[in-house]
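All remarks here apply to the structure that follows.
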Amino acid sequence: MFNGPPPLVRVLKDEAEEAKAVAGWIGEQSKAGMLPHELGVFVRSAAQLERAKAAVSSAGLASRVLDETVETASGQVSIGTMHLAKGLEFRAVVAMACDDEVIPLQERIETVGDDADLQEVYDTERHLLYVAATRARDNLLVTGVEPASEFLDDFKGIISRE
Numbered sequence: 006m007f008n009g010p011p012p013l014v015r016v017l018k019d020e021a022e023e024a025k026a027v028a029g030w031i032g033e034q035s036k037a038g039m040l041p042h043e044l045g046v047f048v049r050s051a052a053q054l055e056r057a058k059a060a061v062s063s064a065g066l067a068s069r070v071l072d073e074t075v076e077t078a079s080g081q082v083s084i085g086t087m088h089l090a091k092g093l094e095f096r097a098v099v100a101m102a103c104d105d106e107v108i109p110l111q112e113r114i115e116t117v118g119d120d121a122d123l124q125e126v127y128d129t130e131r132h133l134l135y136v137a138a139t140r141a142r143d144n145l146l147v148t149g150v151e152p153a154s155e156f157l158d159d160f161k162g163i164i165s166r167e
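Under this note's numbering, the residues of the sequence shown are numbered 6 to 167, in order.
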């Protein structure tokens with residue numbers, strides 16, 4: 006995001022509250038005239054896709070889970086992993102499920118053998134969040150549940166903990 010309002014970062018108490026917050030934000034975007042295909046929701050990995058689908062469904066909108074073809078569809082919110090976000094652009098984006106041990110992915114951290122490898126894991130994991138966040142042309146929402154990802158500290162001063 007280079008123009009528009011600053012990103013909104015919300016850390017919520019549990020997944021149900023996160024889904025409710027994301028659905029509400031998506032609903033606000035829709036009421037403001039944003040079309041479903043102008044919205045993207047990204048998560049760290051396939052394990053969090055159901056969280057994203059539930060939030061979009063709660064907002065009353067149809068969704069399409071992106072695959073390797075990365076084809077968006079008119080009338081549907083695009084949902085995908087952060088890995089598939091590169092090269093896409095949406096008016097509004099949600100980067101959700103930014104929880105501790107999800108981003109950076111704990112499984113990746115546990116497999117490293119030395120500090121140089123650990124730094125590379127942190128750098129690539131942070132880059133995933135950056136790629137997802139920069140897909141937003143106008144509005145960005147970043148969410149996670151307590152304990153949230155340490156990467157949300159990059160957004161210091163704008164985090165709302167609920």
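Every residue, glycine too, gets a C-beta built ideally from N, C-alpha and C.
How do the region 104-122 and the region 60-71 stand: do at least 3 beta-carbon pairs fall below 8 Å, yes or no?
-> no
Exposure of Gln34, with buried meaning 16 or more beta-carbon neighbours within 10 Å | buried
Inter-stretch contact at 8 Å, needing at least 3 Cβ pairs: the region 88-104 / the region 50-63 = yes
Evaluate Ser154 with the Cβ neighbour count: other Cβ atoms within 10 Å of its Cβ, from every protein chain shown; 16 or more gives buried, anything less gives exposed.
-> buried
Would you give the residue range spanned by the alpha helix (DSSP H) that Thr129 belongs to?
-> 120-138
Stretch pair the region 78-96 + the region 128-136: three plus CB contacts closer than 8 Å = yes
So the beta strand (DSSP E) Val75 belongs to, where does it begin and stop?
-> From DSSP, Val75 is part of no beta strand (DSSP E); its letter is neither H nor E.
Could you tell me the distance, in whole angstroms, from the CA atom of Asp128 to the CA atom of Asn144?
-> 24 Å
May I ask you to report which of helix, strand or coil DSSP gives Leu157?
-> helix
Can you name, in chain order, every residue of its own chain whose Cβ lies under 6 Å from the Cβ of Ser79, other than the five neighbours on each side?
-> His42
Secondary structure of Val61, DSSP reduced to three states = helix
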